[in-house]
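Working notes, beginning with the structure itself.
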RNA sequence: GGGCGUUUAGCUCAGUUGGUAGAGCGCUUCCCUUACAAGGAAGAUGUCGGGAGUUCGAGCCUCUCAACGCCCACCA
């Protein structure tokens, strides 16, 4: 029939995860199995990877995120979709520039020593060296992404897309340049956006400073947490309804230390109850003051520079000029004290803005920046989620997204960095006239804007810039855009997801994806965020080396809950996946060793099945149904536990054991093969490797391409399944009895049963092997004087124990059972006696309860009789 | 200030149409039974955070309180 090559091969005795994983991944890659075909007639399913930073190394977050994407991709591939998982990296503006600058500083250099061009050259060299590293690491996860399409947010295609988007938005009036107060990081030397600013609670002080009134006695006392900014004050503001200060509004006061004169104004923004109820207005260094200043047409006086130092200008006292913010604060306070204008100092806890990248305290600073007007872009992005064309899973993130979108503020997109997309605006060298265009209109006379764009500006275009946009006729764009599912953590919903949605809708008129699958964040065993500085990171590469990639994937998957809770991990947790992989290997090894037929795939003869065969097929069928259902609904953790339970506790513990008694090779192989398909998305390597060894019909080249199992009604065997459950209960009861009476497995037992003769005849061989039952006799009445008895499904199984029996022990055992049964009966009884239950509960439930009642009553009756006879 | 999440066995956590609780690890006893000791068999363990309500019936729904965590806002 088949030649020797087609014979199922045996598996190695020891499961060497890493070796198998390396070989298997190479097999897929060498055969180009991850390459998407944009001319395929199959329906498309596509995912774009959240592009990891070029600076990055693989961490547990990637491992989880990558695994989940790969599971979806592999599942859909097996379902017959033409899948594309688009890989790539992000240029990570600030992060990368920081790395290069740090390297330079070791040589005692700054980027300015090199100049822009040289610096970028150096950065490109570094980026090119590193941009493959992280995607190479993703391969260790078994990622089935299409590396032939690998992209980079600074590559030519992305750069063109960025330029086009910028110019279009500008022409539509949705990008503007202006002088505004922004979050300035004195260390990064750049503006950053609101979402890149984190607030930390700090212990500070509230200083109350007296400002003397001009031309009259008296003073007004203001409260501030930042006295060093006072040199930029342009007014004192009080609440118009504050009677304390009613008479002062409109008057002028004289600033301490500098003697500059500023007006007292009224503005409703001022909180009467806070501090002294009087507020100094410093528009150049506080966002709220900036607004107040604009309302009252006040000047803006800058006293702190881009480095966070006091400026050298007429407003700052000479002895403070050039000092850092911190030094200046200390000295200012001292000076105020000396001048006896410091009225009060109190401790004050407040929130201080920090740069997300380097944790430096943000300086709100007046500067000229580029902004995207978000409100018009947000509206369709809100609608898309509200009308369901984009769905979040879990749903609760929708609310989060909508709340942010509905209160959206303009997005500061310019960064004073060199690494990134240089803004396509050009200034005339002489006139200063500005042109926003794809190309420099005249290289001799125009100079390009030096600012670059926020990194998230280009990643916001990721789903379509990677598909060939702006060429909407490109094959990839037509086949794979819009993408299907976006998989990411909740921490970048605002940074990334929201921006992709706004940009996608604006420029492609379609939502960039239909589902956003949000998973939890990986934390350490104490629930702390993992970070290098805390030293609590776990390296996925180490875990893969130690436990294997499939073990890592399975463990992570099994920890995913439907609600997307954060996942706490520790090294030992991965033993769970390792043990399961080992179990799969060993069970498969047993099956393969026992296959004699050469051509056994799917030759299921439904007319020639034993009770056990029907049971396992029925179980498998139920599993198939529920796995498909759960995968469609992103309940991936559930999928892992269902497969674990089925394989370990059904297939291995029972079916394989039964097959040692009575073997049906077809079923044994069929169930294993189907299981390998089912587990493949989660544990791709081990399943593929075993499948390659067992599969003989090679009509499909790889498990990766096999059809994902489907539910079949002809595999429903409900009655047989129930019977098998009785068999298992019987075996368990007998084993329990053995354990309780300390009967060694070596000594066989005989049993008497009073019912179900047909079934017991059928399962005699099972009981013989699995419960060491020597003989089964049938008798309505059995002498139980020297016996132990178990009752399974109302069948009385009597086990004569001769002198072995300890009657007291047996009575105790039976009484324990009565107790358990009675407790249940009691509660069921009270339910059934309640007319309201009978009337209002569904008929089905009432019937079920009644059935259970009669079952319990019978069992209790039987056990009572047993006790009576024993006593 | 606003919003969200969590609180279930010693530990880590599952538990979606409401029908008196599950897994893994750990623990106890026994077993190297010819796939697997990273294994097998048999067990023990919970007033499901507190309180109230709806219901015949609540871990699950409503309200309330408490503890912990996160996000947004940013009263100087």
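Numbering (this note's numbering), first residue to last: 870 to 1740. All C-beta atoms, glycine included, are put in the ideal place defined by N, C-alpha and C. Note that the coordinates shown come from a computational prediction; the quantities given were computed from them, not determined experimentally.
Query, Result
"Just how far apart, CA to CA, sit residue 1073 and residue 1507?", "49 Å"
"Hey, would you say residue 1746 sits closer than 9 Å to residue 1232, going by beta carbons?", "The structure shown has nothing for residue 1746, since the chain only spans 870 to 1740."
"Take residue 1268 as the anchor and find which of 1627, 977, 1242 and 1255 has the nearest alpha-carbon.", "1255"
"Could you tell me if residue 1635 is buried or exposed, where buried requires 16 or more neighbouring beta carbons within 10 angstroms of its beta carbon?", "buried"
"Measure the Cβ-Cβ separation of residue 1338 and residue 1368 and say whether it is below 9 Å.", "no"
"If you draw a straight line from the alpha carbon of residue 948 to that of residue 920, how long is it in whole angstroms?", "26 Å"
"What number of angstroms, rounded off, separates the C-alpha of residue 1686 from the C-alpha of residue 1643?", "26 Å"
"With distances taken between CB atoms, is the gap from residue 1265 to residue 1184 smaller than 9 Å?", "no"
"Three-state secondary structure (DSSP) at residue 972?", "helix"
"Contact defined as beta carbons within less than 8 Å: I believe residue 968 pairs with residue 914. What is the distance between those atoms, to the nearest angstrom?", "Incorrect: roughly 36 Å between the Cβ atoms, too far for contact."
"Going by DSSP, what residue range makes up the beta strand (DSSP E) through residue 1068?", "1066 to 1082"
"Could you pull out every residue in the same chain whose Cβ sits closer than 6 Å to the Cβ of residue 1166, ignoring the five residues on either side in sequence?", "none"
"How many Å lie between residue 874 and residue 881 at the Cα?", "Bear in mind that the predicted position of residue 874 carries a pLDDT of just 46, short of 50, making it unreliable; the figure below should be weighed with that in mind. Between residue 874 and residue 881, the C-alpha separation is close to 17 Å."
"Going along the chain, which residues of its own chain have a beta-carbon closer than 8 Å to the beta-carbon of residue 1726, five neighbours each way excluded?", "1694"
"Since residue 1050 and residue 1156 are thought to touch, with beta carbons under 8 Å apart, how far apart are those beta carbons, to the nearest angstrom?", "5 Å"
"For residue 1682, I'd like the list of residues in its chain whose CB is within less than 8 Å of its CB, leaving aside the five on either flank, ordered along the chain.", "1609 and 1657"
"For residue 871, name the three-state secondary structure that DSSP assigns.", "Here residue 871 scores only 34 on pLDDT, less than 50, and its place in the model should not be relied on; the value that follows carries that caveat. Coil, per DSSP."
"DSSP has residue 1234 in a bridge; who is on the other side?", "1051"
"Please determine, among 1296, 1313 and 1241, the residue with the shortest C-alpha to C-alpha distance to residue 1281.", "1241"
"Grab me the residues of residue 1428's own chain with a C-beta within less than 6 Å of its C-beta, minus the 5 sequence neighbours each way, in chain order.", "1436"
"Please list, in chain order, all residues of the same chain as residue 1730 whose beta carbon is under 8 Å from its beta carbon, the five residues on each side excluded.", "none"
"Let me know the secondary structure DSSP gives residue 1274 once reduced to three states.", "helix"
"Which one of 1549, 1525 and 1070 has the shortest CA to CA distance from residue 1500?", "1549"
"Below 8 Å CB to CB, which residues in the same chain sit around residue 903 once its five sequence neighbours on both sides are set aside?", "897, 954, 1013, 1014, 1015 and 1016"
"Can you find the residues in the same chain that come closer than 7 Å, C-beta to C-beta, to residue 1176, ignoring five residues on each side of it along the sequence?", "1055"
"What's the C-alpha gap between residue 966 and residue 1396?", "31 Å"
"Determine the burial state of residue 1112: buried for a count of at least 16 other Cβ atoms within 10 Å of its Cβ, exposed for fewer.", "exposed"
"Tell whether a beta-carbon distance below 9 Å holds between residue 1330 and residue 1031.", "yes"
"Alpha carbon to alpha carbon, what distance is there between residue 1537 and residue 1063?", "60 Å"
"Here's a check: name, in chain order, each residue in its chain whose Cβ is nearer than 8 Å to the Cβ of residue 989, leaving out the five neighbours to either side.", "1287 and 1288"
"Kindly list the residues whose CB is nearer than 7 Å to the CB of residue 1631, restricted to its own chain and excluding five residues on each side of it in sequence; keep chain order.", "1480"
"Measure the C-alpha to C-alpha separation of residue 1421 and residue 1358 and round it to an integer number of angstroms.", "19 Å"
"For the structure I just gave you, are there three or more beta carbon pairs, one from the stretch 1578 to 1585 and one from the stretch 1480 to 1500, closer than 8 Å?", "yes"
"Could you check which residue in 1161, 1344 and 1145 has the C-alpha nearest to that of residue 1104?", "1161"
"Which term fits residue 1022, buried or exposed, when burial requires 16 or more other beta carbons within 10 angstroms of its beta carbon?", "buried"
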